[in-house]
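For reference, the structure is listed below as structure tokens.
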Amino acid sequence: MAIADRVRELVAPLAEAVSVDLYDVEHHGGVVRVLVDADGGIDLDVIARLSRSISRALDEHDPIPGRYTLEVSSPGLERPLRTPEHFRRAAGSTVKVKTLASFDGPRRLTGILEAVVDDGVDLRSTDGEVCRIAYEQLASARTVFEWGSRPHQAQQS
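Position in the sequence shown counted from 1, then plus 12, gives you our numbering.
See the structure below:
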């Protein structure tokens with residue numbers, strides 16, 4: 013079992029105990045990153061409390077050999093999309109994807125995540141064309157935060 017999977021098993025009940033969703037667990041080099049989310053966002057007090065409980069659990073169960081840095085955070089505005097559940101949650105949003113070299117199409121695409129199906133996703137580009145991309149053809153994907161204010165409406169008297 014991979015380190016990220018072992019950490020996920022330890023962290024899931026701790027996240028549930030403070031009413032947050034475990035979004036993802038990553039392990040790269042000496043960094044273990046735990047991403048959590050909640051409806052309406054997540055506040056720093058919850059992240060701090062959860063970070064302490066995760067740290068204690070990791071110390072107790074020792075699933076990571078050697079030294080590591082624990083990071084507990086929200087997935088942010090531009091969220092990484094790695095699992096089918098991540099893609100389902102982002103349906104209707106603007107996303108950026110990078111495909112593998114073996115993909116029969118462009119390597120980098122940006123568009124609306126039109127549909128999420130069992131074997132991949134449909135992405136509608138700005139020109140309206142829909143492209144089906146199988147999960148195994150995705151090198152990386154993330155949501156795109158679109159800056160800009162809503163149009164200011166003049167008040168009527």
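Don't be surprised by glycine CBs; every beta carbon is placed ideally from N, CA and C.
Collapsed DSSP secondary structure at tyrosine 147 in the structure displayed:
Three-state result, tyrosine 147: helix.
For alanine 127, which three-state DSSP category applies?
strand
Tell me the DSSP secondary structure of valine 37 in three-state form.
Valine 37: strand per DSSP, three-state reduction.
According to the neighbour-count rule (16 or more other Cβ atoms, all chains shown, within 10 Å of its Cβ), is glycine 41 buried or exposed?
exposed
Could you tell me how far apart the beta carbons of valine 84 and valine 156 are, in whole angstroms, since I believe they sit closer than 8 Å?
Not a contact, Cβ separation roughly 24 Å.
Within 8 Å, do at least three Cβ pairs link the region 69–82 to the region 131–146?
As far as the Cβ criterion goes, the region 131–146 does not touch the region 69–82, which means the pair count is below three.
Would you mind working out which of His73, Gly140 and Lys110 sits nearest alanine 153, comparing C-alpha positions?
Residue Lys110 is the option with its Cα nearest to alanine 153.
So the alpha helix (DSSP H) valine 48 belongs to, where does it begin and stop?
Careful: valine 48 lies outside any alpha helix (DSSP H), inside the beta strand (DSSP E) at 43–49.
My output table needs one value for isoleucine 59: the three-state DSSP class, helix, strand or coil.
In the three-state DSSP reduction, isoleucine 59 falls in the helix class (H, G or I).
What does the Cβ neighbour count give for glutamate 21, buried or exposed, with the cut at 16 atoms within 10 Å?
exposed
Endpoints, alpha helix (DSSP H) assigned at arginine 18
15–29
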